[in-house]
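Note sheet for the following structure.
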Amino acid sequence: MPEECQAISLHKHIQTSKTFFTVNFVPTRSIWIKTTQGILQTYADEDGNVIFQDQFLEEITHEQMAIVAKTYLKFVIEKFDGKSSSAYQWIEIFEKECARFGIVKEEEKN
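Dropping the structure here:
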């Protein structure tokens, strides 16, 4: 989802879900929310495509998330702290790890 659409204030149906109340204080965690009629009306078009504010979104399945999580756990890289290595060295190691797992998609965030 584009960054400008990620503010929770834009997602009224999600704010009122039981899951949101449960994990509201864990801002970086990925969660799964059951699709109620209200959520479907907000986030799906008549053909079942996932959308938000007339923008098509990439749909991620449980299986895809599991693959990403498994790959992430296999990465051999320390969290960047700016002390034990330079940013250049850390990026080099990160790119090697991506190549090792066949991750080739590059995306630049604005």
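Under this note's numbering, the first residue of the sequence shown is numbered 1, with each subsequent residue one higher. Here a beta-carbon is modelled for each residue, glycine too, at the ideal position from N, C-alpha and C.
Through-space distance from residue 61 to residue 67, alpha-carbon basis: Walking along the sequence shown from the start, residue 67 turns up at place 67. Walking along the sequence shown from the start, residue 61 turns up at place 61. Our two residues, residue 67 and residue 61, have alpha carbons roughly 10 Å apart in a direct line.
Host alpha helix (DSSP H) of residue 38 (start-end): One-based indexing of the sequence shown puts residue 38 at position 38. Residue 38 -> alpha helix (DSSP H) spans 37-43.
Validate contact between the stretch 10-17 and the stretch 32-43 using beta carbons, cut 8 Å, 3 pairs: With a cut-off of 8 Å, the stretch 32-43 and the stretch 10-17 count as touching, because enough Cβ pairs lie within range.
Residue 68 (DSSP reduced to helix, strand or coil): As a first step, residue 68 must be located in the sequence shown, where it is residue number 68. Taken through DSSP and simplified to helix, strand or coil, residue 68 comes out as helix.
Close-in-space but distant-in-sequence residues of the same chain around residue 83 (CB under 8 Å, 5 per side omitted): The residue given as residue 83 occupies position 83 in the sequence shown. Correct list: empty, nothing qualifies.
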